[in-house]
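Chemist: Here the protein sequences come in this chain order: A and B. Whatever position you read off the first sequence (first residue = 1), add 17 for this note's numbering. Whatever position you read off the second sequence (first residue = 1), add 464 for this note's numbering. Just so it is clear, CB atoms sit at the ideal spot from N, CA and C, and this is done for glycine as well.
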Amino acid sequence: MTRRSVLISAIVVGAVGLSAAQPPKATEGVSPTSITIGMSAAFTGASRSLGIELYRGSMAYLAEVNRNGGVHGRQIRIQAYDDGYQPNAAMKNSLKLMLEDDVFLLFNYVGTPTVTRVLPLLKKYQNLHFSLFFPFTGAQPHREPPYGSLAVNLRASYRQETQGLVDNFLTAGRSRIAVFYQADAYGRSGWVGVREALTKKGLKIAGEATYTRGTKYSESLDRQVAIMQEIKPDAIISIGAYEACAAFIRDARKAGLDVPIANVSFVGSESLLALLSASSATDDRDYTVNLVNSQVVPSYESATAPVVREYRALMEKHQPDPPQGFGDAGYKMLPYSFVSLEGFLNAKLLVEVLKRMGPSPQRAHIVSTIEQLSNIELGMGTPVSFSRERNQGSDAIYYTTVRDGRFVPITNWQEWRK
Amino acid sequence: MRIAKLFQKTMFGIFLLFGLIALSTSALCVYTVDKQLSTEYEANSRTIAQTIANSSLDIILNRDLSTLQSLIDQFKELQGIKYIYIVDEHGDWLAHTFVPGIPKEIQSADRTPGATVERQLPGFGEFVEVSSPILDGIAGSVHVGMDKGLIALKIQTAIGQQIYLISIIFIVSIIGSYLLVNLAAKPITRLGGYATHLVAPDAPNALTPDEAQALLERADEVGQMARLYRHLALRSEGAELAP
Numbered sequence: 018m019t020r021r022s023v024l025i026s027a028i029v030v031g032a033v034g035l036s037a038a039q040p041p042k043a044t045e046g047v048s049p050t051s052i053t054i055g056m057s058a059a060f061t062g063a064s065r066s067l068g069i070e071l072y073r074g075s076m077a078y079l080a081e082v083n084r085n086g087g088v089h090g091r092q093i094r095i096q097a098y099d100d101g102y103q104p105n106a107a108m109k110n111s112l113k114l115m116l117e118d119d120v121f122l123l124f125n126y127v128g129t130p131t132v133t134r135v136l137p138l139l140k141k142y143q144n145l146h147f148s149l150f151f152p153f154t155g156a157q158p159h160r161e162p163p164y165g166s167l168a169v170n171l172r173a174s175y176r177q178e179t180q181g182l183v184d185n186f187l188t189a190g191r192s193r194i195a196v197f198y199q200a201d202a203y204g205r206s207g208w209v210g211v212r213e214a215l216t217k218k219g220l221k222i223a224g225e226a227t228y229t230r231g232t233k234y235s236e237s238l239d240r241q242v243a244i245m246q247e248i249k250p251d252a253i254i255s256i257g258a259y260e261a262c263a264a265f266i267r268d269a270r271k272a273g274l275d276v277p278i279a280n281v282s283f284v285g286s287e288s289l290l291a292l293l294s295a296s297s298a299t300d301d302r303d304y305t306v307n308l309v310n311s312q313v314v315p316s317y318e319s320a321t322a323p324v325v326r327e328y329r330a331l332m333e334k335h336q337p338d339p340p341q342g343f344g345d346a347g348y349k350m351l352p353y354s355f356v357s358l359e360g361f362l363n364a365k366l367l368v369e370v371l372k373r374m375g376p377s378p379q380r381a382h383i384v385s386t387i388e389q390l391s392n393i394e395l396g397m398g399t400p401v402s403f404s405r406e407r408n409q410g411s412d413a414i415y416y417t418t419v420r421d422g423r424f425v426p427i428t429n430w431q432e433w434r435k
Numbered sequence: 465m466r467i468a469k470l471f472q473k474t475m476f477g478i479f480l481l482f483g484l485i486a487l488s489t490s491a492l493c494v495y496t497v498d499k500q501l502s503t504e505y506e507a508n509s510r511t512i513a514q515t516i517a518n519s520s521l522d523i524i525l526n527r528d529l530s531t532l533q534s535l536i537d538q539f540k541e542l543q544g545i546k547y548i549y550i551v552d553e554h555g556d557w558l559a560h561t562f563v564p565g566i567p568k569e570i571q572s573a574d575r576t577p578g579a580t581v582e583r584q585l586p587g588f589g590e591f592v593e594v595s596s597p598i599l600d601g602i603a604g605s606v607h608v609g610m611d612k613g614l615i616a617l618k619i620q621t622a623i624g625q626q627i628y629l630i631s632i633i634f635i636v637s638i639i640g641s642y643l644l645v646n647l648a649a650k651p652i653t654r655l656g657g658y659a660t661h662l663v664a665p666d667a668p669n670a671l672t673p674d675e676a677q678a679l680l681e682r683a684d685e686v687g688q689m690a691r692l693y694r695h696l697a698l699r700s701e702g703a704e705l706a707p
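#1: Beta carbons nearer than 7 Å to chain A: which residues of the region 549 to 567 of chain B have them?
#2: Spell out the partners DSSP gives Q312(A) in its beta bridges.
#3: Rank K473(B), L501(B) and I548(B) by C-alpha distance to the C-alpha of T621(B) and give the top, closest one.
#4: To the nearest angstrom, how far is the alpha carbon of K612(B) from that of V592(B)?
#5: Label S66(A) either buried or exposed according to how many other C-beta atoms from any shown protein chain fall within 10 Å of its C-beta, with 16 as the threshold for buried.
#6: State the start and end residues of the unbroken beta strand (DSSP E) segment that holds Q199(A).
#7: What residue range does the alpha helix (DSSP H) around K618(B) cover?
#8: Please specify which runs of the alpha helix (DSSP H), each continuous and at least 4 residues long, are wholly inside the region 103 to 127 of chain A, giving them in chain order.
#9: What three-state label does DSSP hand T50(A) in the structure shown?
#10: Give the DSSP-derived three-state secondary structure of I222(A) in the structure shown.
#11: Since D100(A) contacts T131(A) with CB under 8 Å, what's their CB separation in whole angstroms?
#12: For a cutoff of 8 Å on Cβ pairs, would you count S534(B) as touching chain A?
#13: What are the boundary residues of the alpha helix (DSSP H) that includes K365(A)?
#14: Note down, in chain order, all residues in the region 518 to 532 of chain B with a beta-carbon under 8 Å from any beta-carbon belonging to chain A.
#15: Using the beta-carbon count (16 or more within 10 Å), is D300(A) buried or exposed?
#16: My assumption, with CB atoms under 8 Å, is that V211(A) sits in contact with I254(A). Please give the rounded CB distance.
#17: State the start and end residues of the unbroken beta strand (DSSP E) segment that holds Y259(A).
#18: Find the nearest neighbour of W433(A) within the set P277(A), R240(A), K233(A) and V196(A), judged by alpha-carbon distance.
#19: In terms of residue numbering, what span does the beta strand (DSSP E) encompassing Y547(B) cover?
#20: Does DSSP classify Q472(B) as helix, strand or coil?
#21: E541(B) by DSSP, collapsed to three states: which one?
#22: I'd like the span of the alpha helix (DSSP H) that includes V132(A), first residue to last.
#23: Does the beta carbon of D574(B) come closer than 8 Å to any beta carbon on chain A?
#24: Roughly how many angstroms lie between the CA atoms of L351(A) and L529(B), to the nearest whole one?
#25: The beta strand (DSSP E) that contains V715(B), what's its start and end?
#26: Can you name, in chain order, every residue of its own chain whose Cβ lies under 8 Å from the Cβ of I623(B), other than the five neighbours on each side?
#27: Where does L509(B) sit, in a helix, a strand or coil, going by DSSP?
#28: Whole angstroms are fine: how far does the CA of L171(A) sit from the CA of V401(A)?
#29: I need the straight-line Cα distance from Y505(B) to L532(B), nearest angstrom please.
#30: Taking S148(A) as the reference, which of I54(A), F361(A), Q177(A) and Q341(A) has the closest Cα?
#31: What is the DSSP secondary structure of A697(B), reduced to helix, strand or coil?
#32: Helix, strand or coil for G101(A)? Go by DSSP, reduced to three states.
#33: Tell me whether L79(A) sits in a helix, a strand or coil according to DSSP, three-state version.
#34: According to a CB-to-CB cut-off of less than 7 Å, which residues of the region 606 to 623 of chain B neighbour chain A?
#35: Between which two residues does the alpha helix (DSSP H) carrying R437(A) extend?
#36: Can you pull out the residues from the region 236 to 261 of chain A whose beta carbon lies closer than 7 Å to at least one beta carbon of chain B?
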């Protein structure tokens, strides 16, 4: 063997050795050892608690699944990007996840304005069969044509939440219902829900005030409160995020507006309560009274639902970190929250779907797999089902209020009798 | 250096002329920019209103108002567009971009589509509102408000730039005029000094003999005048005078 042939053989052997050392290339986010799913959510800004806690809840469940060998031998990995609850950033993240990272599916997106901007992308690349799993929003666009077939929802819709709130307030004799909402697609979605619920009863929204997305708790919402004071409502339904909604409650109570104020599930109940509790302590005034929060998952304070016990155990066991790079010292992780419980349930249903897709999952089979999911018991008390006509698993709504600094289920709406 | 009295009026004339030019060009600029920008913004706003009206029909019929809101939020990001609202055929609100609430002036206003209206909204500003019917008005209308303040700001910017340029030209021209006037005034002053030299050689502003000689040797009109003075002085006194 000449020196030249020895050299060539060495190069070939080296190259083969190198290729053997590298992990096999993933197709559609699936490799022999892992499945990568993509997440874009708010990990910074005024709504960061929502994205971080949703992620942490999902990771609590996925960490346990991965620890036990994963799904069909594959570890589940979340590729997460921050969009700061901004639609354009969400769109760019989605393009990166779909076209560069080639993830298996999109998961746990946070917010209506972000999701509504991403839906046309899914439509554009529908030949790649991407699905959006369990967005953290109850808006309609991803529940109805033309985008309904591209998304899979677990939680109940804002229409259902606001319908329930309106019905219960009317039962309590409060018919002048006003809406305080975020001036964007999310706020509009909730506003429509309230309007439709009132229309069914032959009523109209008593009045409205809006705020700009990204409003911080430190800002004054006196102008919105002044509008509400002119309206003189019996109750106010807020469609917003925790910082702005907490600021509105604080300023309303300061101005003497003491009617019940309800928030929908997206608000981030614990973060809202934390802000109000802190201000209550400094201002010597209780800002946490007369609050109603609708939830789409059972109370994590009540261990009656099996999933709550499982959630609390796994949150305690794994104590998941925020997404890498977003766990700065300024953020205080919540031990338990409605948001992380929703993330936990999302991950649980995701794993169930992946299990049913078998050892060779393909994006093209996601929709048909989902459509066959029927009576899946996640431990919420009511099984979830999907079909060709139904892309939302749960219709459950839970109503809570604050007692002794924590959210507890409402048992009697007559407490709010006018 | 003082400007010769003879030329002070000239300098004042230059000031006056420049002031007139600056004023008239600024007025023309305000008129042109105002008209062009107003026309352009109104046309753009009307196009936006029509675009939204055309693209929102399916959305409205599908009751998907959050998508409609998302649509108008994107258009609101365009420069100059301050608010957008959509009402149905009964005048009921479908979507809008007002924060912290819908101004009372708009709530009580006639929202019939078609006409361009100017609105003064306390706390918001002054606006020109254009509108476009959806499905010929039977499904409602889209209204777009553009900020008159922005147009005013653009006019101010355009005028500011023009005044800046005119000011530079003005300063350069004044300095140039001053130098030129002084260039013209200097020989006349010297001529005056020569006249003084002829009648009172010891006076403070009288030319020295060398300066007088240099003046007499000039080939221009000033030299001719100096020689004429000398001739007249010689004739009137009949005596030999210094050059």
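Modeler: Taking the coordinates as given:
#1: A559, T561, F562, V563, P564 and G565
#2: The residue given as residue 312(A) occupies position 295 in the first sequence. In the DSSP output, where bridge partners are listed per residue, Q312(A) has Y415(A).
#3: Reading the second sequence from its first residue, position 157 is the one you call residue 621(B). If we check each option's Cα against that of T621(B), L501(B) comes out closest.
#4: Indexing the second sequence from 1 puts residue 612(B) at position 148. Indexing the second sequence from 1 puts residue 592(B) at position 128. Spanning the two alpha carbons is a distance of roughly 7 Å.
#5: Reading the first sequence from its first residue, position 49 is the one you call residue 66(A). S66(A) is buried by the Cβ-count criterion.
#6: To locate residue 199(A), count along the first sequence from 1; it is residue 182. Here the beta strand (DSSP E) through Q199(A) covers I194 to Q199.
#7: Counting from one through the second sequence, the residue named residue 618(B) turns up at place 154. Taken as a continuous stretch (DSSP letters only), the alpha helix (DSSP H) holding K618(B) covers K612 to V663.
#8: 104 to 112
#9: Sequence index remark: in the first sequence, residue 50(A) carries index 33 (1-based). Coil, per DSSP.
#10: The residue labelled residue 222(A) in the question sits at position 205 within the first sequence. Coil at I222(A), not helix or strand.
#11: The residue you call residue 100(A) lines up with position 83 of the first sequence. The residue you call residue 131(A) lines up with position 114 of the first sequence. Confirmed, about 6 Å.
#12: As a working note, residue 534(B) is residue 70 in the second sequence. Closer than 8 Å to some Cβ of chain A, the Cβ of S534(B) qualifies, so yes.
#13: Taking the first sequence and counting its residues from 1, one reaches residue 365(A) at position 348. Where K365(A) is concerned, the enclosing alpha helix (DSSP H) stretches over F355 to R373.
#14: N526, R527, D528, L529, S530, T531 and L532
#15: For the purposes of this step, residue 300(A) is taken as the residue at position 283 of the first sequence. By the neighbour-count rule (16 or more Cβ atoms within 10 Å), D300(A) is not buried but exposed.
#16: Within the first sequence, residue 211(A) is the residue found at index 194, counting from 1. Within the first sequence, residue 254(A) is the residue found at index 237, counting from 1. Going by Cβ atoms, the distance from V211(A) to I254(A) rounds to 5 Å, so yes, they are a contact pair.
#17: In the first sequence, residue 259(A) corresponds to position 242, counting from 1. Careful: Y259(A) lies outside any beta strand (DSSP E), inside the alpha helix (DSSP H) at Y259 to K271.
#18: Here the question's residue 433(A) lines up with position 416 in the first sequence. For the residues P277(A), R240(A), K233(A) and V196(A), the minimum Cα distance to W433(A) belongs to P277(A).
#19: If you number the second sequence from 1, residue 547(B) lands on position 83. Taken as a continuous stretch (DSSP letters only), the beta strand (DSSP E) holding Y547(B) covers I545 to V551.
#20: Taking the second sequence and counting its residues from 1, one reaches residue 472(B) at position 8. In the structure shown, Q472(B) sits in a helix (DSSP, three-state: H, G or I).
#21: Counting from one through the second sequence, the residue named residue 541(B) turns up at place 77. Coil.
#22: Position 115 of the first sequence, counted from the start, is the residue given in the question as residue 132(A). Taken as a continuous stretch (DSSP letters only), the alpha helix (DSSP H) holding V132(A) covers T129 to K141.
#23: Taking the second sequence and counting its residues from 1, the one referred to as residue 574(B) is at position 110. No, D574(B) lies away from the interface with chain A (no Cβ there is under 8 Å from its Cβ).
#24: Counted from its first residue, the first sequence places residue 351(A) at position 334. Counted from its first residue, the second sequence places residue 529(B) at position 65. If you take the alpha carbons of L351(A) and L529(B), they lie about 34 Å apart.
#25: Not covered by the structure: residue 715(B). The range shown for chain B is 465 to 707.
#26: Position 159 of the second sequence, counting from 1, holds the residue named residue 623(B). Same-chain partners within the cutoff: S490, C493, V494 and V497.
#27: Here the question's residue 509(B) lines up with position 45 in the second sequence. The sequence given here places Ser at residue 509(B); Leu does not occur at that position. If DSSP states are grouped into helix, strand and coil, S509(B) belongs with the helices.
#28: As a working mapping, residue 401(A) is identified with position 384 in the first sequence. As a working mapping, residue 171(A) is identified with position 154 in the first sequence. About 8 Å.
#29: One-based indexing of the second sequence puts residue 505(B) at position 41. One-based indexing of the second sequence puts residue 532(B) at position 68. Y505(B) and L532(B): Cα-Cα distance of roughly 23 Å.
#30: On the first sequence, residue 148(A) is found 131 positions in, with the first residue counted as 1. If we check each option's Cα against that of S148(A), I54(A) comes out closest.
#31: In the second sequence, the residue the question calls residue 697(B) occupies position 233. Helix.
#32: Mapped onto the first sequence, residue 101(A) falls at position 84. In the structure shown, G101(A) sits in coil (DSSP, three-state: anything other than H, G, I, E or B).
#33: For the purposes of this step, residue 79(A) is taken as residue 62 along the first sequence, with counting starting at 1. Here L79(A) sits in helix by DSSP.
#34: none
#35: For residue 437(A) there is no data in the structure shown, the boundaries of chain A being 18 and 435.
#36: R240, Q241 and I244
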